[in-house]
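As numbered in the UniProt record's numbering, residues 1 to 283 make up the sequence shown, in order.
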Amino acid sequence: MTRTRLLAALVMAPLAIAAILLLPTPWLVALAAVLFMIGLWEWFDLAEIEDTLSRTVLLAANLALVVALVWASRSSVGYTLVLFQLVSVIGVVWWLVALLWLGRYDFASDHDTHARVFKLAAGALSMIPAWCALAWIHASQPNGHRWLLTSLAIVWAADSGAYFAGRKLGGRFFAGRKLAPRVSPNKTIEGLLGGVVAGIVVGVLFALFAGANPSQLPAVALVALFAVLFSVIGDLFESLLKRHAGVKDSGNLIPGHGGILDRIDGVLAALPVFALGKAVLGF
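The structure is reproduced here in structure tokens:
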């Protein structure tokens with residue numbers, strides 16, 4: 001399985017980096033919308049929406065909202081990002097609410113109608129703000145494409161850092177305490193700290209590539225810290241949904257990796273935080 005995961009990653013990573021660096025913003029945003037809608041389709045499965053027609057209608061409704069955001073952002077000189085920025089801020093607020101949800105494991109876990117409603121709302125609040133944040137970052141000047149790569153590299157590095165730190169150091173320094181044992185029993189506090197360190201280091205290095213000057217690096221490190229922490233919330237929240245649904249992966253689209261949602265869960269939470277932090281701290 002590890003070899004399959006590695007081979008899949010070696011294929012996906014160059015394609016993702018090339019798309020981010022080479023595609024103009026409208027094309028990248030359109031491609032991201034496709035990927036996020038696939039992830040949302042998988043989310044419907046975790047919300048136990050089994051009827052294909054119902055899932056199709058729900059997906060069409062979310063896609064219509066995405067199209068409406070683009071249409072409403074037209075201006076006489078092109079496009080304005082105000083709505084994208086507002087929705088990104090809503091996304092940050094949502095993930096703080098999701099953190100509270102994680103502390104109440106049994107909430108919306110009873111497989112009935114109201115549980116599905118909450119989880120469907122959570123899906124829209126996860127996907128659409130992340131998509132808006134992606135567009136906001138990539139369209140920013142200068143070097144928006146490099147800043148988007150930086151934001152994603154932070155999450156990728158944090159995932160890898162957490163994995164290796166958890167395997168090598170997990171249970172050694174915090175008396176075996178787990179990060180969220182009921183939601184994701186394998187995640188350790190040591191892994192979290194390893195992910196934080198890796199994310200910050202990679203974030204600072206990629207920020208230099210994106211054009212940050214040395215005086216901006218402390219601000220980048222601070223935003224990278226929060227991006228990593230929020231990515232953990234995103235990861236844990238998907239784990240919560242999978243436990244409620246009794247499944248291991250969100251899908252099987254990517255060999256060795258599960259579904260699209262399994263690959264973007266942390267990104268969904270990190271992108272709005274990074275976009276907002278970048279704007280507020282001015283780098």
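Yeah, the Cβ is synthetic: ideal placement off N, Cα and C, and Gly gets one too.
Original post:
Cβ atoms of Gly78 and Pro129: under 9 Å apart, would you say?
Top reply: no
Original post:
Can you list, in chain order, the stretches of the alpha helix (DSSP H) that have 4 or more residues and sit fully within the stretch 162 to 210?
Top reply: 189 to 210
Subject >> Boundaries of the alpha helix (DSSP H) in which Asp45 is found, first to last residue >> reply: 25 to 46
**OP:** May I have the straight-line CA-CA distance separating Phe36 from Leu59, to the nearest angstrom?
**Re:** 11 Å
Original post:
Between Gly199 and Ala158, which are expected to be in contact by the criterion C-beta below 8 Å, what is the C-beta distance as a whole number of angstroms?
Top reply: 4 Å
Subject >> is_contact[Glu50, chain D] using C-beta, thresh 9 Å >> reply: In summary, chain D is missing from the structure at hand, where a single protein chain is found.
**OP:** Leaving aside the five residues before and after Asp110 along the sequence, list all residues of the same chain whose C-beta is less than 7 Å from its C-beta, in chain order.
**Re:** none
Subject >> Same chain only: Cβ atoms within 7 Å of Val273, ignoring 5 sequence neighbours per side >> reply: Val92, Phe226, Ala227, Phe230
Original post:
Which two residues bound the contiguous alpha helix (DSSP H) that contains Leu120?
Top reply: 113 to 139
Original post:
With Leu102 and Leu236 assumed to form a contact (beta carbons below 8 Å), what rounded beta-carbon distance in angstroms separates them?
Top reply: 6 Å
Original post:
Going by the CB atoms, is the gap between Phe174 and Val223 shorter than 9 Å?
Top reply: Contact flag unset, no.
Original post:
Between the stretch 123 to 141 and the stretch 180 to 200, do three or more beta carbon pairs fall short of 8 Å?
Top reply: No, the stretch 123 to 141 is not in contact with the stretch 180 to 200.
**OP:** Could you check which residue in Leu120, Thr80, Ile137, Trp94 has the C-alpha nearest to that of Ser54?
**Re:** In terms of Cα proximity to Ser54, the closest of Leu120, Thr80, Ile137, Trp94 is Leu120.
**OP:** To the nearest angstrom, report how far apart Arg116 and Ala98 are at their CA atoms.
**Re:** 15 Å
Original post:
According to DSSP, is Arg55 helix, strand or coil?
Top reply: helix
Original post:
Can you tell me the Cα-Cα spacing of Thr52 and Leu22, whole angstroms?
Top reply: Taking C-alpha positions only, Thr52 is separated from Leu22 by approximately 36 Å.
Subject >> Length of the line joining the Cα atoms of Val87 and Leu268 >> reply: So the two alpha carbons sit approximately 13 Å from each other.
**OP:** Determine the DSSP secondary structure at Ile49, reduced to helix, strand or coil.
**Re:** Ile49: coil per DSSP, three-state reduction.
**OP:** Give the DSSP bridge partners of Tyr79, in chain order.
**Re:** Arg74
Subject >> C-beta contact flag for Gly211 and Pro142 at 9 Å >> reply: For the pair Gly211 and Pro142, the CB atoms are nearer than the 9 Å cut-off.
**OP:** Quick one: residues in its chain with C-beta nearer than 6 Å to the C-beta of Leu217, no 5 flanking neighbours on either side, listed in chain order?
**Re:** Here the set comprises Val204.
Original post:
Do the CB positions of Ser73 and Val66 come within less than 9 Å of each other?
Top reply: no
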